Amino acid sequence: MLAKSLTVCCLLALIVSPTLAELGWWRTAQFYQIYPRSFKDSDGDGVGDLNGVTQQLAYLKEIGVTATWLSPIFTSPMADFGYDVANFYEIDPLFGTMEDFDNLLTRAKQLDIKIILDFVPNHSSDECEWFIRSAAGEAEYKDFYVWHTGKVVNGIRQPPTNWISVFRGSQWTWHEGRQAYYLHQFHAKQPDLNYRNPQVVEAMKDVLRFWLRKGVYGFRIDAVPHVFEVAADSTGNWPDEPRNEYVTDPEDYSYLDHIYTTNQPETIDLVYQFREVIDDIDAELGGDDRVLLSEAYAPLDVLMQYYGNSTHNGSQIPFNFELISNININSDAYHYSELIHNWLDNMPSDKAANWVLGNHDQSRIGSRLGADRIDAINMLLLTLPGISVTYQGEEIGMTDVFISWEDTVDPQACQSNEQEFERLTRDPVRTPFQWSDESQAGFTNASTTWLPVADDFKLVNVKRERGIALSHLNIYKQLRALRDEVTLKQGDIQVNALGPNVLALKRSLAGQASYITVLNINDDVEAVNLDSVFTQLSSQLRYVVVNDKSVRRKNDLTFANSVLLMPKEAIVLSTV
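Taking our numbering, the leading residue of the sequence shown gets 3, the next gets one more, and so forth.
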């Protein structure tokens, strides 16, 4: 049956002129997230490391990665696997040495791959020298963190507010030495830095400067919305946060509405200040732009402010979580289209869009949306305009690994209970990368790994998929090669839902071939008339990329007014 009349259709003129596109390498870049603990182990301890990353940089080149960002590699007691930094200027021995990092930078430069570091501004480890000296009351560091003596109720000392940690329980922990509570929006071993102290702001800017001068090309800024809390009142106190009546567990983060501990207006200005550091280093060192990628699960109107305003530049890449946060296995094509429009319709006209569909905190694409949609989602990711962000393993179709309560190591889950941990754990998406069908998936020569290797590694791995024409990996590589076409770099986009089951995108640029991505996201055979929703198509279209659901092959032709789609088929067509 032909698709019924379009209910979601509009032309989105992506304001990316040739001149603008040339201003920043990152505007159409392919970013790839590496979780170093799980990428490649070079020394046989069952944990990935920097030399392992260096060994596999050629693979990143093979799949067309422009830049890779590494989850934290700094000195850490690993209470939150590196997101609790004890020294912002050192490499943790688990990952290697500073010499190893320098070697990584050298090899990456040879391959023209830019290295981006994960920057954790909200907190340090409680083993950081800054916190130890703050807890001791040293004048220079006394106010580096957020302290409060609490309140006494019926003779019992209590935390100053009802604020709840992302990792459950109170955000306040008593420090016997200081005789005060300290704030931690995450783990108790991750005390929050006090950004209302200018010394803290300058100290963290110095961290950025140090690594930029070493040769990194920017930072992914972690957990940005949490950096500021509401300012204390004239008596030095803060308000309690209101209840979320839909949640009944008083230990759960969602029990409260976090209006005083996230998305404070000062946060935006801090991002602008970090960008000034980036721009200053650009002026100092020259060469290609350095970039900021900011992680913020926040309302769309707030996220758009991260880009900058009329007087300040902000984050070039405020991560777009519209799809990763809102698409689910039951979403229809209208929902996909709506979420794509949400970003493109609200984005400042001179900025670049970005698309994130996987990361180390979210269930993998194949588990979240269905293993038979992996190719469709990668086609969407790589043919939308702007910047693509891929989490390691999504290009080969890795899926979540079940890890029992007894074997769980993620603190977000470990601080819950056996009934709740599966909802909270991030371990299933952090398992070792699957390189081959050899022991431990070629990740290590150790007998054990820090998290278990997936049971399906003999079928899902880089070595095997290289040899299968329509493997997830080879389809990903075809899509990446297609992104070098000028239409994909600079063209306008038109997004259409052709009924509930079919999503179509058209990328077009005057004087160039147009490309049409068509995704059948459900289990019915669909026949669609692309002429009914797109203008200026040739009567026949050429198949450019197909997936393993397709009965057609690359370079086959079809009529634009009668494209037949098998269940879960995903294709890219071009005008001829």
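From the three backbone atoms N, C-alpha and C, an ideal C-beta is built for every residue, glycine too.
Here the structure is a predicted model, which is why all the values come from computation and not from measurement.
Determine the direct distance from the alpha carbon of residue j to that of residue i, and round the result to whole angstroms.
i           : j           : result
residue 54  : residue 28  : 25 Å
residue 122 : residue 389 : 22 Å
residue 529 : residue 424 : 40 Å
residue 332 : residue 154 : 50 Å
residue 298 : residue 226 : 6 Å
residue 450 : residue 291 : 41 Å
residue 193 : residue 93  : 20 Å
residue 151 : residue 163 : 11 Å
residue 572 : residue 565 : 12 Å
residue 220 : residue 364 : 23 Å
residue 570 : residue 506 : 13 Å
residue 552 : residue 380 : 16 Å
residue 536 : residue 61  : 37 Å
residue 177 : residue 139 : 12 Å
residue 267 : residue 548 : 46 Å
residue 477 : residue 491 : 19 Å
residue 175 : residue 509 : 53 Å
residue 385 : residue 63  : 19 Å
residue 235 : residue 250 : 29 Å
residue 434 : residue 359 : 19 Å
residue 71  : residue 334 : 32 Å
residue 260 : residue 241 : 11 Å
residue 50  : residue 76  : 14 Å
residue 523 : residue 100 : 46 Å
What do you reckon, are the CB atoms on residue i and residue j nearer than 8 Å?
i           : j           : result
residue 567 : residue 504 : yes
residue 38  : residue 52  : yes
residue 118 : residue 479 : no
residue 576 : residue 561 : no
residue 184 : residue 149 : yes
residue 147 : residue 196 : yes
residue 56  : residue 89  : no
residue 546 : residue 484 : yes
residue 270 : residue 308 : yes
residue 35  : residue 393 : yes
residue 167 : residue 187 : yes
residue 258 : residue 278 : no
residue 543 : residue 521 : no
residue 407 : residue 396 : no
Can you give me the Cβ contacts of residue i inside the same chain, cut-off strictly under 6 Å, excluding the 5 residues immediately before and after it?
i           : result
residue 304 : 265
residue 341 : 324, 325, 328
residue 179 : 137
residue 84  : 74, 78
residue 263 : 165, 231
residue 218 : 117, 119
residue 465 : 438
Within a Cβ cutoff of 8 Å, which residues of the same chain sit near residue i, ignoring the five residues on either side of it in sequence?
i           : result
residue 223 : 121, 123, 273, 276, 294, 295, 296, 297, 317
residue 24  : Summary for residue 24: the model assigns pLDDT 42, below 50, so the residue's position carries little reliability; its value from the coordinates is reported in the next sentence. Closer than 8 Å at the Cβ level, and outside the excluded window around residue 24, lies no residue.
residue 441 : 447
residue 463 : 398, 436, 437, 438, 439, 443, 444
residue 330 : 370, 371
residue 107 : 117, 216, 217, 218
residue 527 : 566, 567, 568, 569
For the candidate residues the options, whose alpha-carbon lies nearest to that of residue i?
i           : options            : result
residue 190 : 127, 232, 205      : 127
residue 43  : 507, 455, 513, 511 : 455
residue 469 : 485, 438, 457      : 438
residue 493 : 167, 45, 516       : 516
residue 556 : 518, 414, 574      : 574
residue 312 : 95, 351, 208       : 351
residue 46  : 87, 98, 69         : 98
residue 67  : 288, 110, 50, 422  : 110
residue 511 : 391, 532, 387      : 387
residue 210 : 382, 347, 91, 578  : 91
residue 30  : 103, 246, 383      : 383
With 8 Å set as the bound, which would you pick, yes or no: does the beta-carbon of residue i sit closer than that to a beta-carbon of chain C?
i          : result
residue 53 : Judged by its chain identifiers, the structure shown contains no chain C, having just a single protein chain.
What does a CB cutoff of less than 7 Å around residue i pick up in its chain, not counting 5 residues either side in sequence?
i           : result
residue 7   : With a pLDDT of only 33 at residue 7, under 50, the local geometry of the prediction cannot be trusted, and no value is derived from it.
residue 550 : 472
residue 402 : 365, 366, 369, 430, 431
residue 345 : 322, 324, 355
residue 413 : 81, 82, 169, 189
residue 145 : 196, 199
Say yes only if the C-beta of residue i is nearer than 7 Å to one or more non-hydrogen atoms of the ligand MN, and no if none qualify.
i           : result
residue 111 : Ligands in the displayed structure: none, and consequently the ligand MN is not present.
What ranges does the alpha helix (DSSP H) occupy inside the segment 483-513, keeping only unbroken runs of at least 4 residues that lie completely in it?
488-492
Any chance you could list the alpha helix (DSSP H) runs of at least 4 consecutive residues sitting entirely within the segment 120-172, in chain order?
131-137
Uninterrupted alpha helix (DSSP H) stretches inside the segment 374-426 (no shorter than 4 residues)
376-385, 413-416, 423-426
Could you name each continuous beta strand (DSSP E) segment of 3 residues or more that falls completely within the segment 25-84, going from the start of the chain to the end?
32-36, 69-72
Just list the alpha helix (DSSP H) runs in the segment 194-279, keeping only unbroken ones of 4 residues or longer that don't cross its boundaries, in chain order.
200-216
If you scan the segment 324-352 from start to end, which runs of the alpha helix (DSSP H) of 4 or more residues do you find wholly inside it?
324-328, 335-348
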